[in-house]
Amino acid sequence: MAAAPDKPDHQRPELPDFWDKRFRDGTTPWDAGRVPAALQAFAAAEAARDAAGEARRALIPGCGSAYEAALLGRLGWAVTALDFSAAAVEAARRTLGGWGGTLLQADFFVHRPDAPYALVYERAFLCALPRQLWPGYGERMAELLEAGGRLAGFYFFSEEPKGPPFGISRAALDALLQPWFDLEAEAEVADSMGPFTGRERWMVWRRR
Ligand SMILES: C[S@@+](CC[C@H](N)C(=O)[O-])C[C@H]1O[C@@H](n2cnc3c(N)ncnc32)[C@H](O)[C@@H]1O
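Laid out in structure tokens, this is it:
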């Protein structure tokens with residue numbers, strides 16, 4: 022018989038219950054309430070349509086309140102925002118209103134889209150995952166993106182053992198992503214909030 026977990030579900034960040042409780046209690050210190058400047062600049066410089074005039078596909082995994090989905094949608098991207106927490110999806114629905122994109126309650130690790138994405142946007146998602154789930158992250162991102170597609174967003178660097186947010190080292194992030202991705206750009210972040218301040222970087226990784 023499997024051993025009973027030593028913590029209740031709402032204290033286990035690998036489960037939706039953990040995030041449901043925080044959204045329902047209004048304890049969401051990661052929630053920026055706005056679109057980060059680096060994504061705004063990146064999105065403004067990107068073509069939202071491909072050569073055939075089709076909207077390019079973007080995914081926001083662990084979308085939370087999903088402010089970024091509205092921006093990408095306004096710019097013409099075909100956006101899928103997903104989160105496995107029902108309360109997070111409710112929060113995203115409040116942000117997005119009568120939005121024309123796709124909002125899913127789904128687990129990133131089992132999401133199987135009809136077609137690969139041109140862009141995956143990362144913010145406070147890898148650092149929401151307990152470290153034992155990280156080995157699957159790079160491979161999953163690689164499966165979700167088309168060749169030449171980009172994984173763009175914010176990565177939180179910290180050696181602090183406790184989380185979330187679970188920080189990563191630069192060497193560990195490189196080991197997760199370099200088997201499939203080349204780093205195309207990176208920059209300091211000027212508008213970080215709370216625990217991320219001074220410890221996150223904007224990065225753009227290109228799928229080979
Ligand atoms: C720290 S919050 C960040 C939310 C949002 N990205 C933001 O920047 O405000 C992490 C989010 O990831 C979601 N999440 C965690 N593990 C997930 C998984 N395996 N599949 C889908 N969503 C997940 C949680 O429900 C939560 O909404």
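When we follow our numbering, the leftmost residue of the sequence shown carries the number 22, and every step to the right adds one. C-beta atoms are modelled at their ideal positions from N, C-alpha and C, and glycine is treated no differently.
Supposed contact pair Asp-203 and Arg-227 - C-beta distance, whole angstroms, cut 8 Å: For this step, residue 227 is matched to residue 206 along the sequence shown. For this step, residue 203 is matched to residue 182 along the sequence shown. Their Cβ separation, rounded to whole angstroms, is 5 Å, which keeps Arg-227 and Asp-203 in contact under 8 Å.
Proximity below 7 Å, CB of Val-141 to CB of Met-162: In the sequence shown, residue 141 corresponds to position 120, counting from 1. In the sequence shown, residue 162 corresponds to position 141, counting from 1. Cβ atoms of Val-141 and Met-162: closer than 7 Å.
Buried or exposed by the 16-neighbour rule on C-beta atoms within 10 Å, applied to Leu-121: Here residue 121 refers to the residue found at position 100 of the sequence shown. Checking the sequence shown, residue 121 turns out to be Gly, not Leu. Exposed, because fewer than 16 other Cβ atoms sit within 10 Å of the Cβ of Gly-121.
Among Arg-70, Phe-217, Leu-198, Ala-66, the one whose alpha carbon lies nearest that of His-180: Locating residue 180 in the sequence shown gives position 159, counting from the first residue. The sequence shown places Glu at residue 180, rather than the His named in the question. Cα-wise, what sits closest to Glu-180 is Phe-217.
Buried or exposed by the 16-neighbour rule on C-beta atoms within 10 Å, applied to Glu-75: Within the sequence shown, the letter at position 54 stands for residue 75. That one is exposed.
Selected residue, minimal CA-CA separation from Leu-165, among Gly-174, Glu-143, Pro-137: Position 144 of the sequence shown holds residue 165. Measuring from the Cα of Leu-165, the nearest candidate turns out to be Pro-137.
Cβ pair count under 8 Å reaching 3, the segment 109-127 against the segment 140-156: no
Separation of Ala-72 from Glu-143, as counted between CA atoms: The residue given as residue 143 occupies position 122 in the sequence shown. The residue given as residue 72 occupies position 51 in the sequence shown. Rounded to the nearest angstrom, the two C-alpha atoms are 25 Å apart.
Rounded straight-line distance, which links the Cα of Ala-90 to that of Leu-80: Along the sequence shown, read from residue 1 onward, the residue named residue 80 stands at position 59. Along the sequence shown, read from residue 1 onward, the residue named residue 90 stands at position 69. Rounded to whole angstroms, Leu-80 to Ala-90 spans 9 Å at the Cα level.
Pro-50 burial status per 10 Å Cβ neighbour count (16 or more: buried): In the sequence shown, residue 50 corresponds to position 29, counting from 1. Classification of Pro-50: exposed, given that the 10 Å Cβ count is below 16.
Trp-40: CB within 6 Å of a non-hydrogen atom of ligand 1: The residue labelled residue 40 in the question sits at position 19 within the sequence shown. Yes - ligand 1 has a heavy atom lying nearer than 6 Å to the Cβ of Trp-40.
When His-31, Arg-229, Leu-96 are compared against Gln-61, the one with the closest alpha-carbon: For the purposes of this step, residue 61 is taken as the residue at position 40 of the sequence shown. For the residues His-31, Arg-229, Leu-96, the minimum Cα distance to Gln-61 belongs to Leu-96.
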